[in-house]
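Worksheet: the structure to be examined is printed underneath.
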Amino acid sequence: MGDAELLGELQDAEVVLRQAYAKVLGLVAEAEARGVAERVGYPSLSELLRGVLCVSKKEARQRIAHAGVPVGVALEPEQLSVINRVLRELPPHVDQTERGHAVEVLAAAAQTLDASNLVPLGREIVNRLDPDGALPSEDELAHPRREFRYDTRRDGSVRFHGCLDAETGALLGAVLSPLAKPHDAHDTRTLPERQGDAFAELLETSTTPTEGGERPHIAVTIDWHTLKTGTGTTELAPSAIRRLACDAKVIPVVLGSNSEPLDIGRISYTVPPHLRRALIVRDKHCAFPGCRRRPSTCHAHHITHWANGGDTALTNLVLLCGMHHRLIHHSGWTVRITNGQPEFTPPSWLRRESG
Numbered sequence: 001m002g003d004a005e006l007l008g009e010l011q012d013a014e015v016v017l018r019q020a021y022a023k024v025l026g027l028v029a030e031a032e033a034r035g036v037a038e039r040v041g042y043p044s045l046s047e048l049l050r051g052v053l054c055v056s057k058k059e060a061r062q063r064i065a066h067a068g069v070p071v072g073v074a075l076e077p078e079q080l081s082v083i084n085r086v087l088r089e090l091p092p093h094v095d096q097t098e099r100g101h102a103v104e105v106l107a108a109a110a111q112t113l114d115a116s117n118l119v120p121l122g123r124e125i126v127n128r129l130d131p132d133g134a135l136p137s138e139d140e141l142a143h144p145r146r147e148f149r150y151d152t153r154r155d156g157s158v159r160f161h162g163c164l165d166a167e168t169g170a171l172l173g174a175v176l177s178p179l180a181k182p183h184d185a186h187d188t189r190t191l192p193e194r195q196g197d198a199f200a201e202l203l204e205t206s207t208t209p210t211e212g213g214e215r216p217h218i219a220v221t222i223d224w225h226t227l228k229t230g231t232g233t234t235e236l237a238p239s240a241i242r243r244l245a246c247d248a249k250v251i252p253v254v255l256g257s258n259s260e261p262l263d264i265g266r267i268s269y270t271v272p273p274h275l276r277r278a279l280i281v282r283d284k285h286c287a288f289p290g291c292r293r294r295p296s297t298c299h300a301h302h303i304t305h306w307a308n309g310g311d312t313a314l315t316n317l318v319l320l321c322g323m324h325h326r327l328i329h330h331s332g333w334t335v336r337i338t339n340g341q342p343e344f345t346p347p348s349w350l351r352r353e354s355g
């Protein structure tokens with residue numbers, strides 16, 4: 001088939017797909033109205049759908065929610081999610097007639113708009129029907145809704161989501177906004193990347209509570225050879241552990257043949273407070289060219305890692321923010337102290353480009 005015919009077939013198939021989904025939702029709504037789940041022994045309609053359709057709990061709940069949206073036309077799931085969210089955001093004083101009209105407007109717009117472009121229209125409808133917004137109840141003021149969920153993946157990265165009340169959300173925005181600004185005109189990070197770096201910086205520099213008499217910490221077990229050479233197999237990349245160990249508390253532990261602790265030494269502070277103060281006086285801020293991140297957000301980087309015999313002295317230390325500390329450890333950038341000041345050298349490919 002030609003290109004035009006191919007695209008026509010694709011559009012026709014999408015229509016069939018949406019019609020089939022609409023039929024599924026109609027059957028789900030009917031099953032809910034009849035109370036089928038309880039009659040056949042399932043604790044809920046969601047569990048019935050999981051068992052009968054072999055879908056996830058999230059997908060089952062989504063289909064139940066979509067079945068409750070009276071659109072009257074075949075739409076794709078994300079569009080239905082937008083309309084459902086608009087209905088949930090409308091306050092109780094908005095009557096059924098206005099709600100029905102809102103659904104009609106959104107369903108008509110969904111014929112030409114995808115879900116992402118449907119969101120602004122939904123927001124405008126909510127603002128028009130409820131211009132003042134819902135006032136928080138006394139209970140909401142006393143117990144604001146705040147949720148934070150996270151899970152650690154197999155590679156050690158963390159995925160999280162949640163929600164905050166308006167006051168806390170505004171506070172989060174106020175804290176992250178200055179940290180998420182571009183470093184300079186050549187900062188190529190996207191907004192989500194800058195906000196992610198800002199969140200990491202917030203965690204790294206926050207005054208955190210203690211647990212068991214200690215501030216929260218990360219415990220990493222690594223053999224001396226791996227730490228020294230930066231090669232080997234660990235839960236975190238050896239290069240990342242070397243970066244973390246640049247400015248950290250180190251506790252030497254002697255392990256037996258079965259990895260049981262035989263002896264635990266005293267905590268060693270790789271950069272003591274008085275030396276860090278001197279480092280701040282010298283560098284004033286992140287020393288990387290063009291960066292002005294304040295000292296409280298910076299790490300003390302060992303130019304020659306202490307695991308390789310580098311001294312913990314001003315002549316072997318430089319103040320770096322989290323982003324540029326990672327750059328020095330994981331890229332071709334290098335730094336040395338020349339005439340008492342940090343001197344940075346970019347990787348060869350960058351030098352050729354700028355030259």
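Quick note on full-length UniProt numbering: the sequence shown kicks off at 1 and runs consecutively. Idealized CB from N, CA, C, for every residue including glycine. Quick caveat, the model's predicted, so the values are computed rather than measured.
Measuring only the C-alpha atoms, how far is HIS330 from PHE344? 15 Å
In the DSSP output, what is GLU9 paired with across the bridge? Its beta-bridge partners do not exist; DSSP assigns none.
Just the C-alpha distance for VAL55 and ASP151, rounded to the nearest angstrom, thanks. 22 Å
Can you tell me whether DSSP reads THR297 as helix, strand or coil? helix
Could you tell me whether the segment 165 to 184 touches the segment 193 to 205, using the rule of 3 or more Cβ pairs below 8 Å? yes
Return the chain-ordered list of same chain residues with a C-beta closer than 7 Å to the C-beta of ARG294, the five sequence neighbours on each side being excluded. Correct list, in chain order: HIS285.
Cα-Cα, which of PRO144, LEU317, LEU53 is closest to LEU164? PRO144
One or two residues paired with TYR150 in a DSSP bridge: In the DSSP output, where bridge partners are listed per residue, TYR150 has PHE160.
Three-way DSSP call (helix, strand, coil) for GLN111 in this model: coil
Grouping DSSP H, G and I as helix and E and B as strand, with all else coil, what is THR190? Three-state DSSP puts THR190 in coil, outside helix and strand.
Report the rounded CA-to-CA distance for ARG18 versus ALA74, giving the unit in angstroms. 5 Å
Could you name the residues that DSSP lists as bridge partners for ILE337? PRO342
What's the call for HIS302, buried or exposed, on a 16-neighbour Cβ count within 10 Å? buried
Could you tell me which residues DSSP pairs with VAL175 in its beta bridges? Answer by DSSP bridge pairing: none, since VAL175 is not bridged.
Can you tell me whether THR297 is buried or exposed? The criterion is at least 16 other CB atoms within 10 Å of its CB, across all chains shown. buried
Go ahead and label ALA287 buried or exposed: buried means 16 or more other beta carbons lie within 10 angstroms of its beta carbon, across all protein chains shown. Burial is judged here by how many other beta carbons sit within 10 angstroms of a residue's own beta carbon; ALA287 has at least 16 and is buried.
Along the chain, where does the beta strand (DSSP E) containing VAL318 start, and where does it finish? For VAL318, the enclosing beta strand (DSSP E) covers residues 317 to 321.
Taking contact to mean at least 3 C-beta pairs separated by less than 8 Å, is the segment 104 to 114 in contact with the segment 47 to 65? no
Between GLY332, ARG88, ASN258, which lies nearest to TRP349 when the distance is taken from Cα to Cα? GLY332
Report, in whole angstroms, the separation of the C-beta atoms of GLU78 and ALA108, which I expect to be a contact under 8 Å. Your pair GLU78 and ALA108 does not check out as a contact, with CB atoms roughly 17 Å apart and the cut at 8 Å.
Unbroken stretches of the alpha helix (DSSP H), 4 residues or longer, contained in the segment 26 to 61: Secondary structure in the segment 26 to 61: the alpha helix (DSSP H) runs of 4 residues or longer, each lying completely within the stretch, are 36 to 39, 45 to 53 in chain order.
Exposed or buried, what is GLN341 when buried is set at 16 or more other beta-carbons lying within 10 Å of its beta-carbon? exposed
With a 10 Å radius around its C-beta and 16 neighbouring C-beta atoms as the bar for buried, classify SER354 as buried or exposed. Residue placement at SER354 is flagged as unreliable, the pLDDT there being 42, under the threshold of 50; a coordinate-derived value is accordingly withheld.
Counting only the same chain and skipping the five closest in sequence on each side, list residues whose C-beta sits under 6 Å from that of GLU32. Once the five neighbours on either side are set aside, the close Cβ partners of GLU32 are LEU45.
ALA180 and LEU191: beta carbons closer than 9 Å? A contact, by the Cβ cut-off of 9 Å.
Measuring only the C-alpha atoms, how far is THR210 from PHE148? Note that THR210 scores 48 on pLDDT, short of 50, meaning its location in the model is unreliable; the coordinates nonetheless yield the value given after this. Computed Cα separation, rounded: 20 Å.
Using the beta-carbon count (16 or more within 10 Å), is MET323 buried or exposed? buried
Under a three-way DSSP split, which group does HIS325 fall into? helix
The alpha helix (DSSP H) spanning VAL82 covers which residue range? Run containing VAL82: 77 to 89, per the alpha helix (DSSP H) assignment.
Since LEU279 contacts LEU317 with CB under 8 Å, what's their CB separation in whole angstroms? 5 Å
For LEU27, does the count of other Cβ atoms within 10 angstroms reach 16, so buried, or fall short, so exposed? exposed
Would you mind giving the Cβ-Cβ distance between THR270 and TRP306, rounded to the nearest angstrom? I have them listed as a contact below 8 Å. Confirmed, about 6 Å.
Taking only the alpha-carbon atoms, compute the straight-line gap between LEU118 and LEU327 and give it to the nearest angstrom. 40 Å
Rounded to whole angstroms, what is the Cα-Cα separation between ASP155 and PRO91? 43 Å
Exposed or buried, what is GLN62 when buried is set at 16 or more other beta-carbons lying within 10 Å of its beta-carbon? buried
For HIS302, which of helix, strand or coil comes out of DSSP? strand
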